[in-house]
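Below: one structure, written as structure tokens.
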Amino acid sequence: MREEIQVEHTPRGTAVTILERRSTQVWPIAQLRYSGNVLTGSWQLYAVDTRGRWLPYPELGRTARPGPLLQEIDRDPSGLFWG
609 MREEIQVEHT PRGTAVTILE RRSTQVWPIA QLRYSGNVLT GSWQLYAVDT
659 RGRWLPYPEL GRTARPGPLL QEIDRDPSGL FWG
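Here this note's numbering is used: the first residue of the sequence shown is 609, the next is one more, and so on.
The structure is reproduced here in structure tokens:
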């Protein structure tokens with residue numbers, strides 16, 4: 609029997625953390641952070657390193673909307689999010 613994988617998110621302040629859940633284990637996958645005000649703010653994508661630190665994702669800069677960042681997590685061309 610294959611293990612079920614769930615993708616969840618947790619908002620906290622101006623950040624949204626994307627999590628992968630497998631039975632009783634949960635791993636952070638990515639984080640989206642918003643900075644600035646409502647009119648001129650932007651989103652930036654972060655990846656977690658092996659020590660649990662959030663580092664800016666080097667392949668993509670800031671965006672006005674989170675959609676392109678979510679697409680990048682899904683595509684994962686560098687293997688930083690899904691392995």
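Glycine is no exception: its CB is placed at the ideal position from the N, C-alpha and C atoms.
Opposing strand residues paired with residue i [DSSP bridges]
i      : result
TRP662 : VAL656
PRO636 : LEU627
Helix, strand or coil at residue i according to DSSP, with G and I counted as helix
i      : result
PRO674 : coil
GLU680 : helix
TRP690 : coil
Distance between beta carbons of residue j and residue i, contact taken as under 8 Å
i      : j      : result
LEU653 : LEU640 : 6 Å
SER650 : ARG670 : 4 Å
Residue range of the unbroken beta strand (DSSP E) whose run includes residue i
i      : result
PRO619 : 613-620
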